[in-house]
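Engineer: Below: one structure in structure tokens.
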Amino acid sequence: LRGLERERAIAEERERMTRDLHDGTGGQLVSALTMLRGGRATPDEIEDTLQGALDDLRVSIESLAPEGRDLPAVLGLLRARLARQAMQRGMELQWKVGSVGEDVALAPSDAMHVTRIVQEAVTNAVRHSGGRTVTVRSAAAPTPGGWILEIVDDGRGGAQARPGGRGLPNLERRARELGGALSLQSLDPGTRVRLQVPAPSSEPPPLE
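First residue of the sequence shown? That's 42 in the working numbering, and the numbers climb one at a time after it.
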């Protein structure tokens, strides 16, 4: 039984790594190849795409660290890249990620889910919201040991839930695998993506 359990855990971890590499590094490399074959991209655009693939690979490697990490440490690896991505689209990244409790440590698989949720939400906001700022912020939740993470833009709305897009279902799936819940709220202006772990029993007030 112990051997079967170990094999199951290894298979699940292999599947997770494959999915994360496909979503991150694989997607970036496919984009770079498409740009090269099309012949319309500038060297700077191709270089930026390949740099993104390298950054994603680093994120995947970091997620394999056996020790648990707190939220600021996990997301700190993304900050410079997301800020550069926002700046290239004429937006400003506002970073308000702090400690959400001394007893909150993210396991490697959970750290990767959180990382991918933030990446996807910020990328959607930067590419499609048309806003001026995108804010990433965290806070402790009312439930013991729980925490809240929000990605908020001040754009026209709809960036996170485009018709036919797979981004939002992917975010929701990762939130469920974290044992949490993801919600999407239209603002005036903008959109708020909220991840709460553990899953909320009631809707908490927005972060200030």
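Note that beta-carbon positions come from the ideal geometry of N, C-alpha and C, so glycine has one too.
1) Quick one: which unbroken alpha helix (DSSP H) runs of 4-plus residues sit fully inside the region 98-147? Chain order, please.
2) Return the first residue and the last residue of the alpha helix (DSSP H) that Q237 is part of.
3) Could you tell me the alpha carbon to alpha carbon distance between G139 and A180, rounded to whole angstroms?
4) Using CA coordinates, which residue listed in D97, G221, S170, Q126 is at the minimum distance from S227?
5) CB-CB under 6 Å to L91, same chain, minus the five flanking residues each way: which ones, in chain order?
6) Based on Cα-Cα distance, which residue from A94, R233, I87, E86 lies nearest to D61?
7) Since G196 and A162 should fall inside the 8 Å C-beta cutoff, what is the C-beta to C-beta distance between them, to a whole number of angstroms?
8) In the DSSP assignment, what are the bridge partners of T156?
9) Can you give me the start and stop residues for the alpha helix (DSSP H) that S72 sits inside?
10) Name, in chain order, the residues that DSSP records as bridge partners for S224.
11) With a threshold of 16 other CB atoms inside 10 Å of the CB of T66, please say whether the residue is buried or exposed.
Structural biologist: With the structure as the only source:
1) 112-129
2) Q237 -> not in any alpha helix (DSSP H); beta strand (DSSP E) instead, spanning 232-238.
3) 7 Å
4) S170
5) A73
6) A94
7) Contact flag wrong, Cβ pair sits at about 12 Å.
8) None, per the DSSP bridge assignment.
9) 68-79
10) R235
11) buried
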